[in-house]
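Written out below as structure tokens is the structure these notes cover.
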Amino acid sequence: MNTVRRMRALLHKELIQLLKNPKTRWTLFVPPIIQLVVLGYAATMYLKEVRFAVLDHCRSEASRQLIAKFSGNRIFRRQSPLRSEKEMAERISNRDLKLALVIPEDFERALAGRAAPEVQVIVDGRNSSSAGLAIGYAQSILDAFNRDRVPSSTAIQIRSRAWYNPNFEATYFMLPALLAVISLLDILMLATMSLAKEREEGTFDQLLLTPFSSGEILAGKALSTMFVGLCQLTTGVLVIRFWYQIPFMSSYFLLYGLFFSFLFSSIGIGLLNSVLSKNLQQGMLTVFTVSIPFATLSGMATPIESMPDFLQTVTLINPIRHGVTALQRIFLEGAGFTDIWETFVILWVIGVFMFTAAYLLFEHQRKN
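So in this note's numbering, spot 361 of the sequence shown is number 344, and the numbers just go up one at a time.
Structural data, given as structure tokens:
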């Protein structure tokens, strides 16, 4: 009984010590709730909508009925019709379309002649999981069309093709995305530690007394983190290229330009967190709180188009989303600067905003 009483007293003491601080209570209970709400909406492996267009070479009553079958499905969202294969390639490359349905010229004639017509379904294979789902949905619609219209002997056949990833290799899609996710999380921790660790070790006041300006101090912290980040990313690229044998068809100059822009925005977020954190523990808790939503809202595991509209808007301020998309386009498409210049602009806007906020807050702290 004495042991039980002692343990109860110890438990009571530990709980009071743990929960007496309002900030600690907030850290323990609010972030998990926020993460659960966000992840509950974002973490879905279903496609909410599949933007598709039709290249109809037949232009017959039968082809119109097939198109209507797709258009009437709640998942498929029909876009303006395609006029040529060149236009189809451009719109899939620009992510305007997830799927293209190509109906051959002899489609109706084959049906009338009791032959088995073949339609082509072309998907954007850069996300192998969502591409597989889209083909599965298309197959189910064609199966329903077959049951409703034609005898089993003349059932319409589907010929699927995935652009940029014809064999649906998951590593082709996942590894460039993982490179961006892992890099950002490491950089967030390093940048957060830069000033928060100075406070933890009691050297922050000495740093403020140095002749360096606030901008110079932040630049020094940023440059050292940038160097580490570039080394990490270089190692990651070597592993992707030579261990996993994933082809690279773009420019390494463009790749490192993207790396620099991506790290610039990531370091800005980390430095702002470091300036705001009173100690290292608080800074690391903040990194942990935001890291899971950042990764989930990157589009790496869950297609962004399957998320609710408000979360799709939130992803626009997530540097991982832009890094993942650009890296996949560089590796899978061989994209050039004209294809991803918007990503550079967005990353630099995020970085400039975060660095400016960190500088102004740090300058305010020095004056007070």
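No residue lacks a Cβ here, since even glycine has one placed at the ideal position from N, Cα and C. Note that the coordinates shown come from a computational prediction; the quantities given were computed from them, not determined experimentally.
Original post:
Hey, quick one: how far does the alpha helix (DSSP H) through I323 stretch, first residue to last?
Top reply: Taken as a continuous stretch (DSSP letters only), the alpha helix (DSSP H) holding I323 covers F320 to K350.
Original post:
Should E70 be listed as close to the ligand FAD, given that the test is whether its C-beta is under 7 angstroms from any heavy atom?
Top reply: The model depicted lacks the ligand FAD and carries no ligand whatsoever.
Original post:
DSSP on D107, reduced to helix/strand/coil?
Top reply: strand
Subject >> Buried versus exposed call for D39 [16 or more other C-beta atoms within 10 Å across all chains shown] >> reply: Its Cβ being crowded by 16 or more others within 10 Å, D39 is buried.
Original post:
Does DSSP put I139 in a helix, in a strand, or in coil?
Top reply: coil
**OP:** Run through the stretch 139 to 181 for me and flag every whole beta strand (DSSP E) of 3 or more residues, listed as ranges in chain order.
**Re:** Within the stretch 139 to 181, the complete beta strand (DSSP E) segments at least 3 residues long are 140 to 146, listed from N- to C-terminus.
Original post:
For A51, does the count of other Cβ atoms within 10 angstroms reach 16, so buried, or fall short, so exposed?
Top reply: Counting other Cβ atoms within 10 Å of its Cβ, A51 stays below 16 and is therefore classed as exposed.
**OP:** Identify every residue that forms a DSSP beta bridge with D39.
**Re:** I86
Subject >> the stretch 187 to 204 in contact with the stretch 228 to 242 per 3-pair CB rule at 8 angstroms >> reply: no
Original post:
Is there contact here, the stretch 236 to 255 with the stretch 307 to 324, by at least three beta-carbon pairs under 8 angstroms?
Top reply: yes
Subject >> Nearest residue (CA-CA) to P100, options L49, P286 and A278 >> reply: With distances taken between Cα atoms, P100 lies closest to L49.
**OP:** Locate the alpha helix (DSSP H) running through R47, then write down its first and last residues.
**Re:** E44 to S54
**OP:** Can you check DSSP and say which residues form a bridge with R60?
**Re:** R34
**OP:** May I have the straight-line CA-CA distance separating L168 from A(-8), to the nearest angstrom?
**Re:** 40 angstroms
Original post:
Which whole-angstrom value is the C-beta distance of L216 and L162, which I expect to be below 8 angstroms?
Top reply: 7 angstroms
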